[in-house]
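In our numbering, the protein residues as written are 44 to 233.
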C-alpha cells in the first residue's frame, strides 16, 4: 500500500524529507513547491520506484492523509484545511513551537493532529529536521503507539506557551498521549 504524503515548502529540508520518504518505498510524495525531476532521477539511481510528483498546487492535494510543512512562511492554511481536512500535520520547521501553534490555531484542528519536531531535531541542520520528520511519519504509519520526543500542545490554553517538546506517544491518529516523567516518591521527613 502506498501512503500519499504532501510536502509544503521549498527548501533543502523539503527535498531531504522527500528523498528519505522515497527510500521507504511505500510512499507517494507530492511536492507543493518543488520540481520532482531531480528526486525522480535520484530515486531511479537508488533503485526505488520514483513515486514523486511536483510541483502540485495545494488545490490538487486532495485528502492527503499526512501533510508535512517544512517552511513556516506562506502556508496556505485555508486551502490546506479545505483540501486535506482530515490530515495529520507534521511541522518540520526550525521553530516548531511557534509554527505548530500558529498552524493549529489557524486550521482549528484538534491538537492530536498537529505534531512538531522535537527541539533537538528542530535546532539541527535541514537533514536533521528531515530525519526527524520521517521518524514521525514512521511512528504514524506503523501505529505502534511508541514514545518519542515531539513538540505537541500540552495544555488546552492555546498559543505557543501551551506547546512543548515532550515524550509523546505517537500513532496513526497522531498524538495518543503525553508521557509524563515518573514522579519520584519521597520519604516523609519527621
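Where is the CB? At the ideal position from N, CA and C, for every residue including glycine.
Here residue 166 has 137 as same chain residues with Cβ atoms under 8 Å from its own Cβ, once five neighbours each way along the sequence are excluded. Between residue 147 and residue 196 a beta carbon distance of about 7 Å is seen, short of the 8 Å cut, so the two are scored as contacting. Between residue 190 and residue 211, the C-beta gap is smaller than 8 Å, which places the two residues in contact. About 3 Å separates the beta carbon of residue 74 from that of residue 97, a gap short enough to meet the 8 Å contact definition.
Residue 81: not part of any beta strand (DSSP E); member of the alpha helix (DSSP H) spanning 80-89, first to last residue.
Listed as beta-bridge partners of residue 208 by DSSP are 194. The residue among 125, 156 and 180 with its C-alpha nearest the C-alpha of residue 101 is 125.
In this structure, residue 175 lies away from residue 143, with their beta-carbon atoms at least 8 Å apart. Ranked by Cα distance from residue 153, the options 216, 114 and 63 are led by 216. The beta carbon of residue 120 lies closer than 8 Å to those of 146, 149 and 150 in the same chain, with the five residues before and after it left out. Counting along the chain, no beta strand (DSSP E) covers residue 56; the unbroken alpha helix (DSSP H) around it starts and ends at 55-67.
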